[in-house]
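J.: One structure, as structure tokens, below. Some questions next.
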Amino acid sequence: MITLNGKGACSGIVFGRLCFYRRGAGSVERTAVEDPETEVKRFEAARGRAVAELAVLYDKTAQELGEESSLLFQIHQMMLEDLDYCDAVTGLIRQETVNAEYAVQRIAQKFEDMFADMDDEYLRGRAADVQDVSRRVLSILTGVPAGGIEAEEPVIVAADDLAPSETVQLDKGRILAFVTVGGSVTSHAAILARTMGIPAVIGLGSALSEELEGREAAVDGSTGEVYLEPDRATCSRLRVKARREAEYRELMARYRGRETVTRDGRKLPLYANIDSLDDMEAALQNDAEGVGLFRSEFLYLESRDYPSEERQFQVYKRVAEKMDGRRVVIRTLDIGADKQAAYFRLPAEENPAMGMRAIRLCLTRPEIFKTQLRALYRASAYGRIAILFPLITSVQELREVKRLAAGVREELAASGVPFDPGAELGIMIETPAAAVISDQLAKMVDFFSVGTNDLIQYTLAADRRNESVAEFADPHHEAILRLIGYSAKSAHEAGIWIGICGELGADQEMTRAFLEMGIDELSVSPPAILPLRARICQIG
Ligand code: PEP
Ligand code: MG
Numbered sequence: 002m003i004t005l006n007g008k009g010a011c012s013g014i015v016f017g018r019l020c021f022y023r024r025g026a027g028s029v030e031r032t033a034v035e036d037p038e039t040e041v042k043r044f045e046a047a048r049g050r051a052v053a054e055l056a057v058l059y060d061k062t063a064q065e066l067g068e069e070s071s072l073l074f075q076i077h078q079m080m081l082e083d084l085d086y087c088d089a090v091t092g093l094i095r096q097e098t099v100n101a102e103y104a105v106q107r108i109a110q111k112f113e114d115m116f117a118d119m120d121d122e123y124l125r126g127r128a129a130d131v132q133d134v135s136r137r138v139l140s141i142l143t144g145v146p147a148g149g150i151e152a153e154e155p156v157i158v159a160a161d162d163l164a165p166s167e168t169v170q171l172d173k174g175r176i177l178a179f180v181t182v183g184g185s186v187t188s189h190a191a192i193l194a195r196t197m198g199i200p201a202v203i204g205l206g207s208a209l210s211e212e213l214e215g216r217e218a219a220v221d222g223s224t225g226e227v228y229l230e231p232d233r234a235t236c237s238r239l240r241v242k243a244r245r246e247a248e249y250r251e252l253m254a255r256y257r258g259r260e261t262v263t264r265d266g267r268k269l270p271l272y273a274n275i276d277s278l279d280d281m282e283a284a285l286q287n288d289a290e291g292v293g294l295f296r297s298e299f300l301y302l303e304s305r306d307y308p309s310e311e312r313q314f315q316v317y318k319r320v321a322e323k324m325d326g327r328r329v330v331i332r333t334l335d336i337g338a339d340k341q342a343a344y345f346r347l348p349a350e351e352n353p354a355m356g357m358r359a360i361r362l363c364l365t366r367p368e369i370f371k372t373q374l375r376a377l378y379r380a381s382a383y384g385r386i387a388i389l390f391p392l393i394t395s396v397q398e399l400r401e402v403k404r405l406a407a408g409v410r411e412e413l414a415a416s417g418v419p420f421d422p423g424a425e426l427g428i429m430i431e432t433p434a435a436a437v438i439s440d441q442l443a444k445m446v447d448f449f450s451v452g453t454n455d456l457i458q459y460t461l462a463a464d465r466r467n468e469s470v471a472e473f474a475d476p477h478h479e480a481i482l483r484l485i486g487y488s489a490k491s492a493h494e495a496g497i498w499i500g501i502c503g504e505l506g507a508d509q510e511m512t513r514a515f516l517e518m519g520i521d522e523l524s525v526s527p528p529a530i531l532p533l534r535a536r537i538c539q540i541g
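Just so you know, we're using our numbering here: the sequence shown kicks off at 2 and counts up by one.
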């Protein structure tokens with residue numbers, strides 16, 4: 002047995018096989034072609050080959066796992082033979098005289114959006130299938146294998162590091178745990194793992210090499226240990242520990258349905274951080290009192306082209322409806338830095354964390370921002386939606402954001418589209434600048450939400466993705482506490498509320514300090530809600 006040591010990013014114990022993530026073709030470029038008929042032929046050939054591959058997979062799976070398991074491959078074949086799909090691709094190649102790869106990518110997105118917007122649960126599930134078959138055709142066309150994991154049973158996914166867009170595209174049902182060479186506890190892959198409640202160990206270093214593909218392993222997400230070919234004694238010790246963790250979860254379940262209130266009567270509602278509509282289930286199961294941060298950019302990262310207003314509206318509306326009158330804070334697009342979608346065509350930057358990201362990008366590309374704002378306001382008619390703007394650094398910037406939001410409200414009102422004109426508007430306090438001028442900013446909004454992940458990296462000059470400077474990113478640093486404390490004071494003097502949605506919100510060593518500062522709400526990953534509620538109920 003070999004033991005690898007990393008950092009636990011999400012607790013939980015699992016046993017399984019290591020499977021390395023393979024990088025795929027990614028997004029393809031649009032190229033103008035002289036002879037569209039050659040591209041039509043290329044598409045037809047790739048489609049034919051994909052159908053043949055699927056037929057082989059169908060037979061193999063039927064023999065090994067039975068007819069029922071192989072059905073999926075038959076559905077995929079049928080999709081590739083569907084006339085609407087094929088005509089749409091060849092039509093686009095001819096009309097716009099573009100390359101086959103680009104046409105497949107764009108039509109796949111259109112079909113995916115169409116399925117994803119359907120009311121029927123089964124049909125909605127087909128969006129993932131369209132994505133799957135299109136990736137197969139694309140990988141044949143480009144000659145680059147599709148990114149992902151090659152495994153039929155659930156596995157421990159190993160990688161050097163995973164970008165947020167790669168993580169969201171994995172089939173969650175097939176992931177037992179994540180183990181990575183690099184990364185930090187506040188990297189987005191780690192945050193995603195926590196949201197999904199999947200055990201994760203990061204920062205294992207070069208010892209996690211691809212030669213380990215297929216090896217049996219055990220992962221302990223609380224200690225950060227990964228055991229390769231664990232011996233019997235280790236297995237039984239881990240099994241006992243896993244049982245204890247399950248008992249602990251049962252104990253925590255007793256806090257479901259209870260109000261989060263200290264013994265001396267101070268309320269501190271606990272909201273959930275979510276990245277997608279799918280995470281709503283975990284939020285509800287863990288008894289979230291609201292959604293405190295919906296990272297809407299994941300909707301963009303999952304797509305291969307800009308998600309339409311209608312698609313966004315459907316997702317925001319469903320989240321609002323599922324929360325049934327409880328507050329849902331949706332953050333506008335926070336793309337850039339480590340969250341990249343190829344179709345944005347963002348130029349490479351020397352220092353992307355300090356570059357063209359989040360609200361800066363939205364203000365330079367207002368058409369994208371306005372589409373999202375329209376979708377958000379339309380959805381506000383179906384629940385209690387609050388809109389949150391990321392990475393604000395100045396009063397002028399916020400003035401511009403509010404001007405655009407007011408413009409969208411006017412447009413909607415003029416065309417008689419229902420929306421909630423009182424939907425709260427708030428900003429993230431995640432730059433030192435915003436915290437320092439929070440007295441001015443507080444007069445312009447309805448709430449603050451402190452993004453400690455970025456606030457720590459910018460205040461302490463420690464890149465949150467760079468493992469080697471992790472020791473400088475001390476979340477308990479006096480500077481961080483003072484900035485949060487001052488923001489809370491500014492918020493309350495202006496009569497608005499303030500929450501914390503960064504990872505520090507779940508740190509139980511800080512709970513008492515947050516209560517003393519008068520923080521009004523904490524938003525944490527769904528699995529952290531009940532343990533935090535248990536802690537708060539014991540204070541006072
Ligand atoms: C933060 O910065 O603390 C935050 C909540 O936003 P993100 O982690 O998505 O940058
Ligand atoms: Mg942030």
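No residue lacks a Cβ here, since even glycine has one placed at the ideal position from N, Cα and C.
Taking only runs of the alpha helix (DSSP H) that begin and end inside the region 214-285, which ones reach a length of at least 4 residues, in chain order?
T.: List check, alpha helix (DSSP H) in window: 233-254.
J.: Would you kindly work out how many angstroms separate the C-alpha atoms of PRO391 and ALA443, rounded to a whole number?
T.: Each residue's Cα considered, the two are about 15 Å apart.
J.: Please look up how many angstroms separate the CB atoms of ILE150 and LEU171, rounded, as I've assumed it's under 8 Å.
T.: Indeed they touch by this definition, with Cβ atoms about 7 Å apart.
J.: Helix, strand or coil for CYS502, going by three-state DSSP, please let me know.
T.: Here CYS502 sits in coil by DSSP.
J.: Leaving out five residues on either side along the sequence, give the residues of the same chain with a beta carbon under 8 Å from the beta carbon of ASP60.
T.: SER71.
J.: Run through the DSSP bridge pairs and tell me what CYS20 is partnered with.
T.: DSSP lists VAL158 as partners of CYS20.
J.: Return the chain-ordered list of same chain residues with a C-beta closer than 6 Å to the C-beta of ARG375, the five sequence neighbours on each side being excluded.
T.: These residues qualify, in order along the chain: GLU310, VAL409.
J.: Less than 8 Å separating the beta-carbons of GLY206 and VAL182?
T.: Yes, they are a contact pair.
J.: Is MET2 near the ligand MG, in the sense that its beta carbon is under 7 Å from a heavy atom of that ligand?
T.: Outside the cutoff, so no.
J.: Would you check if the distance between the CB atom of VAL134 and the CB atom of PHE44 is smaller than 8 Å?
T.: Contact: no.
J.: Am I right that LEU505 and THR453 are in contact with their C-beta atoms under 8 Å? What's the rounded C-beta distance?
T.: Yes, LEU505 and THR453 are in contact; Cβ-Cβ is about 4 Å, under 8 Å.
J.: Cα separation between MET518 and ALA489?
T.: If I take the Cα positions, the gap works out to 7 Å.
J.: On the three-state DSSP scale, how would you describe MET429?
T.: Reduced to three states, the DSSP call for MET429 is strand.
J.: Quickly, what does DSSP pair ILE14 with across the bridge? List them, please.
T.: Paired residue(s): ASP221.
J.: What is the DSSP secondary structure of ILE520, reduced to helix, strand or coil?
T.: Coil.
J.: Is TRP366 helix, strand or coil by DSSP?
T.: The residue asked about is misnamed: residue 366 is Arg in this sequence, not Trp. In the structure shown, ARG366 sits in coil (DSSP, three-state: anything other than H, G, I, E or B).
J.: Can you tell me the Cα-Cα spacing of VAL470 and ASP339, whole angstroms?
T.: Cα to Cα, the separation comes out at about 17 Å.
J.: Answer with buried or exposed for ALA201, where buried requires no fewer than 16 other C-beta atoms within 10 angstroms of its C-beta.
T.: By the neighbour-count rule (16 or more Cβ atoms within 10 Å), ALA201 is buried.
J.: DSSP three-state call for TYR32: helix, strand or coil?
T.: In the sequence under discussion, the amino acid at residue 32 is Thr, which differs from the Tyr named in the question. If DSSP states are grouped into helix, strand and coil, THR32 belongs with coil.
J.: Considering only residues of the same chain and omitting the five flanking positions on each side of THR394, which have a CB-CB separation below 7 Å?
T.: Closer than 7 Å at Cβ, skipping near neighbours: THR432, ALA434, ALA435.
J.: How should MET429 be labelled, buried or exposed, when 16 other C-beta atoms within 10 angstroms of its C-beta is the threshold for buried?
T.: Flag for MET429 reads buried.
J.: For LEU73, list the residues DSSP reports as bridge partners.
T.: BP columns for LEU73 are empty, so no partner.
J.: Does the beta-carbon of HIS189 have 16 or more other beta-carbons within 10 angstroms, so that it is buried, or is it exposed?
T.: HIS189 is buried by the Cβ-count criterion.
J.: Residues bridged to PHE179 by DSSP?
T.: In DSSP, PHE179 forms a bridge with VAL158, ALA201.
J.: Quick check on ALA53: buried or exposed, where buried means 16 or more other Cβ atoms within 10 Å of its Cβ?
T.: So ALA53 ends up on the exposed side.
J.: Since LEU461 and LEU269 are thought to touch, with beta carbons under 8 Å apart, how far apart are those beta carbons, to the nearest angstrom?
T.: 26 Å between Cβ atoms; not a contact.
J.: If I'm right that LEU399 touches MET357 with Cβ under 8 Å, what's the distance once you round it to whole angstroms?
T.: The Cβ separation is near 18 Å, so there is no contact.
J.: Can you tell me whether DSSP reads PHE473 as helix, strand or coil?
T.: Helix at PHE473.
J.: List the residues that DSSP assigns as beta-bridge partners of GLU450.
T.: Reading the sequence as shown, one finds Ser at residue 450 and not Glu. DSSP lists MET429, GLY500 as partners of SER450.
J.: I'd like to confirm the pairing. Which residues does DSSP put opposite GLY337 in its beta bridges?
T.: In the DSSP output, where bridge partners are listed per residue, GLY337 has LYS340.
J.: Do ARG18 and GLY215 have their CB atoms nearer than 8 Å?
T.: Result yes, Cβ atoms of ARG18 and GLY215 sit closer than 8 Å.
J.: Within a Cβ cutoff of 7 Å, which residues of the same chain sit near ARG466, ignoring the five residues on either side of it in sequence?
T.: Same-chain partners within the cutoff: SER185, SER188, ASP339.
J.: Cβ of ARG296 versus every heavy atom of the ligand PEP: is any distance shorter than 7 Å?
T.: Yes, the beta carbon of ARG296 sits closer than 7 Å to at least one heavy atom of the ligand PEP.
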